[in-house]
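For reference, the structure is listed below as structure tokens.
In the numbering used here, the protein residues as written are 1 to 640.
In structure tokens:
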């Protein structure tokens, strides 16, 4: 996750690519972004506090608690509050993730970076605008040891500290990637606060102004400098902390691996294909492991966290993603993030969670990552959450969190909550939601074995699935899950008002108040679907719009959606181009009405209506400046 407006836009792109493709080559959260950042709506926390001088923090050798490694894996255990974690160098990645327990993030703090940084030519401008640390620039207070101790008391055994390391590179515009002592010293202090509180610590390079785009640049100089920057950065970090205890974990990136390496730089698109994005990500992660191991000391056995492709579960489980080779045995961890469904977790758009399809989707996605635990890699959910919107959690949030944590118990994952003072208010050192705070405390208090926890969690998940199936939704058109239903997928430009965006016809995936007319499609014919969003918003701008037919590819193979008329606010609108019929998942049939995330129609795997010139087709067939209150689409449906 990243800064405020920048992150909001970035995660909108990640979500959009993930659910409304029909033609885009590479995609990612989750947030999103995704990713993601990958991947989010505006990162929340309105807490403000001016920076103050931090308390003195000791180096590892000066710490009051020993950092000496224990002699056997059994001796590595969670310490009492205020004691440093001792990690046995023989511990495996799977054992280590169990020790991490529930974790949290120090979000929007050391990764806060000025929005005017310019990576178009490797140079970063306006370095002085925010100073080299900028710890409080995104609304969080100055970090203290007391904060870390309270997080530990609140049920968290690990913490992820996102860092924007280029903030400390004073001469980066001269291709000098040296991290200054002031920045390093502050990172030292915060790491030591966390270690002294008895927390396992993860440190990464987190978005960091988007310099990662350099890897995919068509300019050879820019691309080569990306490698130099990355290697220099991790060499310095590794040398700095090579004698720190094994309770400190290095993470090679955040949500940047994959398609994000190809993001535009000053309007110039990256040159990498989808396959090449995978290949580049694999090479970067291998370089990360090689650089860290080469520095010696405790880095020879340190646990290293490898980010998945855009930290997206399905993309990471693609066989094109390959974990790096390692000279250390059983010391690699995998990071993925979880903000699904993004309309519920990251944006205002979807109002509640808990249907049978919701629960089954979460269970299915999280089970997929056992592909890595079965090979001996520990799995860290580096970020997750159903974030507050307008200061409040949405309906069903406790079911979302409980089912998520149950899945982590079943499969032995280490989850790390994305928190920017939403749950734990760092300024006041208080917990803002009693039910959610209790959930973490109760789980920490559970002294059952890992096997017993997994069995209890599996029972709870199974019961939740059965209960969700019995929920009757008043909007249901048919009880047949294999029937074909047509509807209008819609989101406004801010993703604050949504109706069933995505290829799954999810009955609860909409904003409260939206009135819809969906129709059952049983044969060829003419159909009309409509939306009235005025109970939720008036004069909304279009973010995305399409007509979908659930199970259309199954029940009506090779049929085409031939749009005859579109009415906006009761008035017929002229089409600016011709539509085409497609499918992303081989199940749902789709015709894009306004899809800004695809520049042109794909060359294959599409169908067009009788008499339509393929040269005239487009994923954007209406004027995006139209203000929306009501939408009505009439179409013919027939075999092409």
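For glycine and all other residues, C-beta sits at the position ideal for the given N, C-alpha and C.
- Under the DSSP assignment, residue 411 falls in the alpha helix (DSSP H) whose first and last residues are 397 to 411.
- C-alpha of residue 212 to C-alpha of residue 634: approximately 45 angstroms in a straight line.
- Look at residue 203 here: in three-state DSSP terms it is strand.
- For the 8 angstroms CB-CB criterion, residue 308 and residue 334 form a contact.
- Excluding the 5 residues flanking it on each side, residue 376 has same chain C-beta neighbours closer than 6 angstroms at 330, in chain order.
- Non-local C-beta neighbours of residue 341 in its own chain, meaning closer than 8 angstroms and more than five positions away in sequence, comprise 350, 353, 358, 361, 502, 506 and 509, ordered along the chain.
- Straight through space, the alpha carbons of residue 278 and residue 403 are spaced by roughly 31 angstroms.
- The count of Cβ pairs closer than 8 angstroms, one atom from the segment 623 to 630 and one from the segment 580 to 591, stays below three, leaving the stretches out of contact.
- When the beta-carbon positions are compared, residue 378 and residue 328 stay at least 8 angstroms from each other.
- For residue 487, the enclosing beta strand (DSSP E) stretches over residues 484 to 492.
- With fewer than 16 other Cβ atoms from the protein chains shown falling within 10 Å of its own Cβ, residue 447 counts as exposed.
- The segment 240 to 274 contains, as complete beta strand (DSSP E) runs of 3+ residues, the segments 248 to 251 (chain order).
- The residues 16, 20, 489, 490, 491, 501, 594, 595, 596 and 597, in chain order, have a CB closer than 8 angstroms to that of residue 544 in the same chain once the five nearest residues on each side in sequence are set aside.
- In the three-state scheme derived from DSSP, where H, G and I count as helix and E and B as strand, residue 530 is classed as strand.
- Note on geometry: alpha-carbon atoms of residue 581 and residue 560 lie some 6 angstroms from one another.
- If you ignore the 5 residues before and after residue 397, its C-beta comes within less than 8 angstroms of the C-beta of 353, 386 and 436, all in its own chain and listed in chain order.
- For the options 290, 395, 188 and 88, the alpha carbon positioned closest to that of residue 246 is the one of 88.
- The way I'd put it, the segment 247 to 263 does touch the segment 302 to 316; three or more beta-carbon pairs between them come closer than 8 angstroms.
- Of 111, 556, 577 and 153, the smallest CA-CA separation from residue 566 is found for 577.
- Annotation for residue 383: 1, 105, 337, 416 and 418 place their beta carbon closer than 7 angstroms to its own, counting only its chain and skipping 5 residues before and after.
- A direct Cα-to-Cα measurement between residue 113 and residue 210 gives close to 10 angstroms.
- Annotation: the continuous beta strand (DSSP E) that includes residue 338 extends over 332 to 338.
- In this structure residue 103 touches residue 159 by the C-beta definition: roughly 6 angstroms separates them, less than 8 angstroms.
- DSSP lists 490 and 594 as the bridge partner or partners of residue 545.
- Residue state for residue 467 is assigned as helix, using DSSP reduced to three classes.
- With contacts defined as CB atoms closer than 8 angstroms, residue 630 and residue 570 qualify as a contacting pair.
- Given a length threshold of 3 residues, each whole run of the beta strand (DSSP E) inside the segment 121 to 198 is given here in chain order: 158 to 161.
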